[in-house]
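The block underneath contains the structure these notes are about, expressed in C-alpha cells.
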Amino acid sequence: MGMMPGMSGMQVPDDAEQQMGRTEAIIHSMTIQERRKPEILNGNRRLRIANGAGVKVLEVNQLLKQFQQMQKMMKMLKGGGAKKMMRQMEAMKGRGGFPGM
Numbered sequence: 284m285g286m287m288p289g290m291s292g293m294q295v296p297d298d299a300e301q302q303m304g305r306t307e308a309i310i311h312s313m314t315i316q317e318r319r320k321p322e323i324l325n326g327n328r329r330l331r332i333a334n335g336a337g338v339k340v341l342e343v344n345q346l347l348k349q350f351q352q353m354q355k356m357m358k359m360l361k362g363g364g365a366k367k368m369m370r371q372m373e374a375m376k377g378r379g380g381f382p383g384m
C-alpha cells in the first residue's frame, strides 16, 4: 500500500496488505469480460476464480458483495443522494441514532 498516493506515511496493518494481495489475485483470476460484467459470474466461474486466486469461494463472494455495495453507493451519490443521506443522518441524530454526532 505504500505505493498508493498519500499512503506512504501511513501505518497499515499486516492483514490489510494480505487482504489487498488476495483481492488483487481474485481480480487477476477473472477474465476481462468477467471484470466488466460481474453479473455473469455463476457458481462455476466463481469456483474457477477462487481456485486461480488460491482463495475460498466465500472470499470471491465477499469481494463481489463489496463491489455491489460500492456500486450502489456511488449511484446514490451521483444522483444527488448525498444530500438525502445527510438529511437522514441529521434526523437520526435527533432520535439518538448516532451517538456523538
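Numbering (our numbering), first residue to last: 284 to 384.
All C-beta atoms in this analysis are idealised placements derived from N, C-alpha and C, irrespective of residue type, glycine included.
Source: prediction; values computed, not measured.
Three-state secondary structure (DSSP) of residue i
i      : result
Val340 : helix
Met313 : coil
Gly326 : helix
Pro296 : coil
Lys366 : helix
Arg320 : Before going on, a small fix: residue 320 reads as Lys here, not Arg. Lys320 falls in the coil class under three-state DSSP.
Cβ-based neighbour list, residue i, same chain, cut-off 7 Å, excluding 5 preceding and 5 following
i      : result
Leu347 : Pro321, Leu324
Ser312 : Ile332, Gly335, Ala336
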